[in-house]
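Mapping to our numbering: the sequence shown position 302 is 1358, numbers consecutive.
So the structure is just underneath, and the comments pick up after that.
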Amino acid sequence: MGHRIVLLVSYDHLDPVMSSLLVDGVATAGLLAIAFLALRLSLRLRRAAAQAEASFRANVALAPGEGVVLGTVEREQGADVAVRVEVEQRGSELARSGNWSHEWTETGRAVRAHPFYLRHACGARIRVEPGEDVMLVDALDGMIRVDLTRRVRVAELTPGEEAFAFGELRRAPDPEAPTLGYRERAQGYVLVPPRRRRMLLSSEPFGEQLARKAAFHLRWAITAGVASLAFNAAFATFHARRWLGETVEVGVTQLRESDHGRGNFDVTMLGPHGVAFSDEVSDADVARVRGVEPLEARHVPSWPSSSTIGPDVTVHSIAYVALPLLGVIAIAYFFRAHAALPWYEKKLIEQGSGRLAEGESAARGDRNRPEGDPGNPPPDDGRSDAGTAIQSPTSRGGQL
C-alpha cells in the first residue's frame, strides 16, 4: 500500500525528483550561478575602475611609480608614427532573394610602436616607450583600401591628440633633452610598461571604459536574479508545500469527473481537524484513489488551496519552462558579452548591406561598426606600411 501511495501525485505534476531538479537545480541554482558570475565580474571591474581613477590626478605633480599619465601626443624627432594599429580585413559578399550583403573579416593585425612624448599639463615632456605589445584603445577612424576584397582599418595616436597612458613612470636620461656637459643628458621622466603587464594607451579615461563594462555585467546579474525570483514566485505553492506543509492522512469524501472535460477527476478530501480541500487526479489514478483508504496528502494549513494529493512535494509540469529560461539567459549573456567587446579585444568582423564595390571608399553600408557610428566615411589616409608584418588575430592576448 505504501508504494502505491508514494506514486500517487496530483494531475499533471512531476515526480518529486524531477520537481526538485527543475525548481532547485535549474531555476534557482542555475540562474543564480549566472547572476553570481556576472556580479563578480561587475565588482571586479568596478574595483579596477576605481583603481584607475585613483591612480590618475590631472593636477598632481609627477612622481615615479605606476599610474596613469595624461598629456598631448608629440612624436619623437625623425619618427613618422607614435603608435599605430592596422587591422587587415578580407571582404566577402552574398546575395539572398536579390538583396546583397557583405562582410569584412579580420585576417591579421599589426602594431607599429615607436617612442613618443606626452606633453604634461605642468609643461614636462614625458618620454613614452610603449613596446610592441602595447594596447591602443582608440577609434578605428582610418582606412586603406587595398583592392576590392582587401582593406586595412587603422587606429593611430596622432600629434596634438590628448592621450591617457598607463605604465611605470621613472626618472631617466632623455635622448632629446639638451646636454648638460660632455655626453651627459638631462634627466627626464620616462614611462615604460608596468611589470608583467602591457602598457595601455587610450584617448579616453580608463575608468570610464571599465565602468561601462561593470554596468553591463551588473545588468545581466540583475536579469538572471530577477528571472530566478520570478520563477520561484510563480511556483510559490511548491515552496509552500515544502516549507509550510505536512504529510497527513486524509479520507476521500467526494470523487467526481472534472468539469474541465479532460477525463480527469476532482477529489475532495477531509484532513486533520475536519479541514476539507480538493485536488485533481488523472483517470489512471482513480482506481488507486478508490482502492486505498486512508490516503496521504501534502497539506498546507495556512494555504489550503496549495495542498495536493500524495505524500511528496511535487510541482506542475509547467516547471519545464525552467530549462529554456536558463538556456536563453545563459546563451544571450554569453553572446551579448562577446558582442559588447570593443574591436581591440576581439576579432574584428563588420557587416553591411550592398555589394563590396558599393562601399569601396568607406563601406557606407556598414551596420556593425567597431567604434561608435561616425556619420561620414573615414578618409583613406593614403598611407600603407609595406614593411609591417601582419599578425594572426589569434596571436594577440590580454584585454583591458
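Every residue gets a Cβ at the ideal spot worked out from N, C-alpha and C, and that includes glycine.
Rounded separation between residue i and residue j - CA only
i     : j     : result
V1369 : P1350 : 19 angstroms
E1378 : E1260 : According to the sequence displayed, residue 1378 carries Ala and not Glu. If I take the Cα positions, the gap works out to 42 angstroms.
S1448 : V1167 : Only weak support exists for where S1448 lies, its pLDDT of 40 falling under 50; the coordinates are left without a value.
L1088 : P1120 : 44 angstroms
E1313 : D1322 : 6 angstroms
T1303 : W1399 : 60 angstroms
L1070 : A1375 : 9 angstroms
V1065 : F1333 : 15 angstroms
N1320 : A1353 : 18 angstroms
T1163 : L1412 : 17 angstroms
G1307 : F1390 : 52 angstroms
R1152 : L1093 : 40 angstroms
M1325 : L1300 : 19 angstroms
D1197 : V1125 : 24 angstroms
D1441 : A1105 : The predicted position of D1441 is uncertain, since its pLDDT is 40 and thus under 50; a value taken from the coordinates is nonetheless stated next. Going from the Cα of D1441 to the Cα of A1105 covers about 35 angstroms.
N1288 : G1330 : 31 angstroms
G1154 : A1286 : 45 angstroms
P1328 : E1305 : 8 angstroms
M1074 : T1309 : 30 angstroms
R1207 : M1199 : 7 angstroms
R1226 : R1131 : 19 angstroms
V1246 : K1402 : 30 angstroms
A1135 : D1203 : 28 angstroms
V1062 : V1384 : Residue confidence is low: V1062 scores 42 on pLDDT, short of 50, so the model does not pin down where it sits. Its coordinate-derived value is still stated next. Rounded to the nearest angstrom, the two C-alpha atoms are 35 angstroms apart.
L1174 : E1218 : 8 angstroms
T1293 : L1077 : 16 angstroms
A1271 : G1179 : 36 angstroms
F1172 : S1148 : 38 angstroms
R1035 : P1360 : The shown model of the chain, from 1057 to 1456, leaves out residue 1035, and the question about it has no answer.
L1150 : I1387 : 27 angstroms
D1315 : D1341 : 17 angstroms
A1221 : V1371 : 57 angstroms
L1382 : D1230 : 58 angstroms
H1295 : L1311 : 27 angstroms
E1122 : L1101 : 19 angstroms
Q1133 : G1086 : 58 angstroms
F1112 : A1169 : 23 angstroms
A1195 : P1072 : 56 angstroms
R1183 : L1118 : 13 angstroms
Counterpart residues of residue i in DSSP-defined beta bridges
i     : result
G1123 : G1223
A1211 : V1141
L1203 : Looking at the sequence provided, one finds Asp at residue 1203 rather than Leu. In DSSP, D1203 forms a bridge with R1206.
L1192 : L1257
F1026 : Beyond the ends of the chain as shown, which are 1057 and 1456, falls residue 1026; an answer cannot be given.
G1326 : The sequence shown places Leu at residue 1326, not Gly. The partner list for L1326 (beta bridge, DSSP) reads G1307, A1332.
P1198 : The residue asked about is misnamed: residue 1198 is Gly in this sequence, not Pro. Its beta-bridge partners are V1210.
Range of the contiguous beta strand (DSSP E) that encloses residue i
i     : result
A1169 : 1155-1169
W1103 : Strictly speaking, residue 1103 in this sequence is Arg, with Trp absent from that position. No beta strand (DSSP E) contains R1103, which is instead part of the alpha helix (DSSP H) from 1087-1110.
A1135 : Note, A1135: premise wrong, no beta strand (DSSP E); not H, not E.
E1352 : 1351-1355
T1293 : Looking at the DSSP string, T1293 is not in any beta strand (DSSP E); the run it does join, the alpha helix (DSSP H), is 1292-1299.
R1312 : 1302-1313
V1246 : 1243-1248
A1332 : 1332-1337
G1408 : 1405-1409
R1181 : 1181-1184
Beta-carbon proximity of residue i to residue j, cut-off 8 angstroms
i     : j     : result
V1248 : E1232 : no
R1181 : G1244 : yes
G1127 : H1158 : no
P1186 : V1139 : yes
A1280 : A1091 : yes
M1191 : L1256 : yes
R1254 : D1189 : yes
D1339 : T1364 : no
E1212 : V1143 : no
V1337 : R1297 : no
E1406 : W1156 : no
S1362 : D1068 : no
R1209 : L1404 : yes
R1165 : V1141 : yes
P1234 : A1242 : yes
Host alpha helix (DSSP H) of residue i (start-end)
i     : result
S1076 : 1072-1076
Y1173 : First-last for Y1173: 1172-1175, but that is the beta strand (DSSP E), not the alpha helix (DSSP H).
L1381 : 1378-1395
heavy atom of the ligand NAP below 7 angstroms from residue i C-beta
i     : result
S1314 : Looking at this structure, you won't find the ligand NAP or any other ligand, since it has none at all.
Does the region 1338-1347 come close enough to the region 1380-1394 to have 3 or more Cβ pairs within less than 8 angstroms? no
When you compare the region 1268-1284 with the region 1090-1097, are there three or more beta-carbon pairs, one atom per stretch, that lie closer than 8 angstroms? yes
Do the region 1070-1083 and the region 1255-1272 meet, that is, are 3 or more Cβ pairs less than 8 angstroms apart? no
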